[in-house]
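Numbering (the working numbering), first residue to last: 33 to 143. Notes follow the structure.
Spelled out as structure tokens, the structure:
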């Protein structure tokens, strides 16, 4: 994979979100954050990554996929994401339509 570098007018959060969408490795993201944005500690980097909407979408997809594999219901998956979404920061909240699309994207629900 080619190395990802921040765009000239890109903030650290915008870079992390773009890198998450491109599925860049954590090591590569951390390296860029340290070199280009002067992040010193792993704690600072972790806090920044937790603000990334694509990170949370991937997190929800993974958890919903696990629920599907365990035989859970579509309703339970939607409720899980809704509950987690309620406590999310406004800028990374998912709409009801986005939640339903996310749940439906992982596979065919039997119940």
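For every residue, glycine included, the Cβ atom is placed at its ideal position computed from N, Cα and C. Keep in mind the model is a prediction, meaning the values are calculated, not measured.
The beta carbons of residue 49 and residue 84 sit closer together than 8 Å. Residue 61 and residue 108 have their C-alpha atoms some 33 Å from each other. Around the Cβ of residue 52, a 10 Å sphere holds 16 or more other Cβ atoms; the residue is buried. For residue 43, there is no enclosing alpha helix (DSSP H), as DSSP marks it with neither H nor E. For residue 66, the enclosing alpha helix (DSSP H) stretches over residues 58-68. Secondary structure at residue 107: helix, using DSSP grouped into helix, strand and coil.
Taken through DSSP and simplified to helix, strand or coil, residue 71 comes out as coil. Between residue 55 and residue 92, the beta carbon gap of about 16 Å keeps them out of contact (Cβ cut-off 8 Å).
Ranked by Cα distance from residue 129, the first of 139, 140 and 113 is 113.
Burial is judged here by how many other beta carbons sit within 10 angstroms of a residue's own beta carbon; residue 37 has fewer than 16 and is exposed.
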